[in-house]
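Chains as they are written, first to last, in this note's numbering: chain A, 57 to 581; chain B, 608 to 786. The C-beta atom is built at its ideal place from N, Cα and C for all residues, glycine as well. Note that this is a predicted model, so its numbers are computed, not measured.
Here you go:
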């Protein structure tokens, strides 16, 4: 079976999935996820990964663990991921409150536009730029991920794959957060947590003879605890201490203010430049959309300062170009972030973590280089089901993009009201929902306590400015790294220097050391 | 007065202490195999190597945090008090969630166990614990407890319970899988 057979089979898997009310279920799930994502993105304090975390156990309860569940579940999660990126701009523009962290730069020009009575235009610019950046990023993903995976599979053996995992973890630990040392501690803790009750010996290691730990730390409990509960604990304390500033209310009297005609064509160079920046940033694991938005904005500002006419507004005073540059950059991260997921099995951000968690929980799809192997390692005539699923996944992304272009803008304007939901009321409900989801999945109060333990760990990490993301990614990759190292050690005849013997593996290790050294040398922020 | 040790120095000390504890105490006492094992005349990586490497990574991070301290947040006494409050609230809620149903069914023949998948018994613990959790957290955040928050908490707990219980026969609400 050739490449095109897999592409067509992937598309058919989406469009010919079991119908509900005459509509294929996968399409319905993408739509549901997308609308939920916009609503969640428009709600300050909630974020796409939070909604993905809460939805996942419910989706698994609905669809079960069969391979037929993968596309509807992943379609829903991808819908949330894309919707939240668009929705984050809504409160940023209307209320000067970014719905998601990466929408902070949108407030700089979006809110002044709203104050001038141009809220609708600002939302249109944000939507158009976001949809354009997202679509560009998805095209790059589809073009790059298969080739990267094929290259990895062709050139990298077990020692090189182990070295590549080490490089990825070193990179993530270094670039996320303010301090390299803290990033590495966070990563080390994640690796250590992954080691508990795993291993090859009959005795479950590091369990202190506790039966509760004998099955290992539930993956969902650790991830949801650190990422969701930790954030909820911190946000609630911020509210308690009055750290949430008063919410600004836009002036809505459009008739008294200047109305500018929206020239979308004028914005295209800014959108294009930001989309390229966001896609490049997104392809690097661990480098988030906030950095992409910042780089996109500053790059656009430089360009704008050179090109602007005398009557044009400055950046920061309500220039639509600023909104366009930011939204295109942060939206183009989401597709590119899946390049390391699908080609290497390495999650680059929190949303990717939940996609991998879904694939891992349901089974039948192991993201990594083997996904794009023609024949699936069986024979040239065989269909590789993982490749079919990968192209099904790409199809769901384009379905979400189509929804974004068509109904995204309209829905975006409706959900402005979500920004008024008080966080103090919303977050405890999110917490109860998360704990319930954990219990339903694990059926044990111990899992709830473990989730709370990791919640407190996540809270402490946030308070001491240690990013929890290296912890989560190392926790997910820890088992894979150890298994790959074991196999590489055995395959090289128990060579203790298996990471240094091949030029490619050695290069990866040198790069890992180099990236940490670079991180240490850069000025501490 | 400037503190003698920065927050990063304390973090580094805790990190180093934990790493040393893992390497020299926890791993030797709590793993079944060493760094390298000989199985069927072939050497393989043992179970002790992975956790030791993880601890070394933590130690390296701690040393780097010590050598290159950054302007960063720190865990204050207020944060510890906040954590203690949260912990107390969760302990109360989960205890109520766990034991409210069995207590309510004490007079019934056979106790709670035969009733744990039957409405309204299966909802008692979850609704009580969930209501106090949502209302209590909202009150902690706002700095005052109000009956309205607990009413909202009850409504939310009820909606979540019905969301899971009505459509899915195989799912059990907390704490019914444990009792």
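Are there 16 or more other CB atoms within 10 angstroms of the CB of residue i, so buried, or fewer, so exposed?
i, result
"residue 351(A)", "buried"
"residue 466(A)", "exposed"
"residue 422(A)", "exposed"
"residue 314(A)", "Residue placement at residue 314(A) is poorly supported in this model, since its pLDDT is 44, which falls under 50; the coordinates still yield a value, given next. Its Cβ having fewer than 16 others within 10 Å, residue 314(A) is exposed."
"residue 689(B)", "buried"
"residue 625(B)", "buried"
"residue 293(A)", "buried"
"residue 683(B)", "exposed"
"residue 559(A)", "exposed"
"residue 628(B)", "exposed"
"residue 363(A)", "exposed"
"residue 553(A)", "exposed"
"residue 530(A)", "buried"
"residue 510(A)", "buried"
"residue 574(A)", "exposed"
Looking at residue i: is its Cβ nearer than 8 angstroms to the Cβ of residue j?
i, j, result
"residue 501(A)", "residue 721(B)", "no"
"residue 691(B)", "residue 622(B)", "no"
"residue 242(A)", "residue 675(B)", "no"
"residue 387(A)", "residue 190(A)", "yes"
"residue 455(A)", "residue 70(A)", "yes"
"residue 85(A)", "residue 131(A)", "yes"
"residue 464(A)", "residue 183(A)", "yes"
"residue 247(A)", "residue 664(B)", "yes"
"residue 379(A)", "residue 178(A)", "yes"
"residue 93(A)", "residue 161(A)", "no"
"residue 291(A)", "residue 101(A)", "yes"
"residue 733(B)", "residue 704(B)", "yes"
"residue 57(A)", "residue 410(A)", "no"
"residue 731(B)", "residue 707(B)", "yes"
"residue 630(B)", "residue 643(B)", "no"
"residue 331(A)", "residue 356(A)", "no"
"residue 408(A)", "residue 104(A)", "no"
"residue 281(A)", "residue 507(A)", "yes"
Does chain A have any CB closer than 8 angstroms to the CB of residue i?
i, result
"residue 631(B)", "no"
"residue 624(B)", "no"
"residue 748(B)", "yes"
"residue 651(B)", "yes"
"residue 801(B)", "With chain B represented from 608 up to 786, any question about residue 801(B) goes unanswered, as that position is not in the structure."
"residue 695(B)", "no"
"residue 665(B)", "yes"
"residue 635(B)", "no"
"residue 705(B)", "yes"
"residue 784(B)", "yes"
"residue 745(B)", "yes"
"residue 657(B)", "yes"
Taking 8 angstroms as the CB-CB cut-off, is residue i touching chain B?
i, result
"residue 499(A)", "yes"
"residue 484(A)", "yes"
"residue 296(A)", "yes"
"residue 512(A)", "yes"
"residue 492(A)", "yes"
"residue 481(A)", "yes"
"residue 311(A)", "Low per-residue confidence applies at residue 311(A): pLDDT is 42, beneath 50, and the placement is therefore not dependable enough to give any value."
"residue 521(A)", "yes"
"residue 303(A)", "At residue 303(A), the pLDDT of 48 sits below 50, so the modelled position is not reliable; the number obtained from the coordinates is stated separately. No, no contact with chain B."
"residue 504(A)", "yes"
"residue 293(A)", "yes"
"residue 360(A)", "no"
Between the segment 251-282 of chain A and chain B, which residues of the former have a C-beta closer than 9 angstroms to a C-beta of the latter?
-> 251, 252, 254, 255, 256, 257, 258, 259, 260, 261, 262, 263, 264, 265
Along the segment 709-741 of chain B, what residues have a CB closer than 7 angstroms to any CB found in chain A?
-> 737, 740, 741
Inter-stretch contact (C-beta, 8 angstroms, three-pair minimum) for the segment 481-501 of chain A and the segment 118-138 of chain A | With the cut-off at 8 angstroms, the segment 481-501 of chain A and the segment 118-138 of chain A do not touch.
Check distances from the C-beta atoms of the segment 230-247 of chain A to those of chain B and list, in chain order, the residues that come in under 8 angstroms.
-> 234, 235, 236, 237, 238, 239, 240, 241, 242, 243, 244, 245, 247
Touching by the beta-carbon criterion (3+ pairs, under 8 angstroms), the segment 268-282 of chain A and the segment 655-662 of chain B = no
Chain B contacts from the segment 534-563 of chain A (Cβ-Cβ distance under 7 angstroms) | 538, 541, 542, 545, 546, 550
Quick one, which residues of the segment 101-127 of chain A are near chain B if we go by CB-CB under 9 angstroms, in chain order?
-> Cβ contacts with chain B come from 114, 117, 118.
Of all the residues that make up the segment 770-781 of chain B, which are near chain A by a beta-carbon distance shorter than 9 angstroms?
-> 770, 771, 774, 775, 777, 778, 779, 780, 781
Contact between the segment 442-450 of chain A and the segment 217-229 of chain A (3+ Cβ pairs under 8 angstroms) | no
Touch check for the segment 482-491 of chain A and the segment 763-771 of chain B: three-plus C-beta pairs under 8 angstroms?
-> yes
The segment 207-219 of chain A touching the segment 552-569 of chain A, judged by at least three CB pairs closer than 8 angstroms | With a cut-off of 8 angstroms, the segment 552-569 of chain A and the segment 207-219 of chain A count as touching, because enough Cβ pairs lie within range.
Could you run through the segment 669-687 of chain B and flag, in chain order, every residue whose CB is less than 9 angstroms away from some CB of chain A?
-> Taking 9 angstroms as the Cβ-Cβ cut-off, the segment 669-687 of chain B approaches chain A at 669, 670, 671, 672, 673, 674, 675, 676, 677, 678, 679, 680, 681, 682, 683, 685, 686, given in chain order.
Evaluate the contact criterion for the segment 467-485 of chain A versus the segment 250-261 of chain A: three or more CB pairs, one atom per stretch, below 8 angstroms.
-> no
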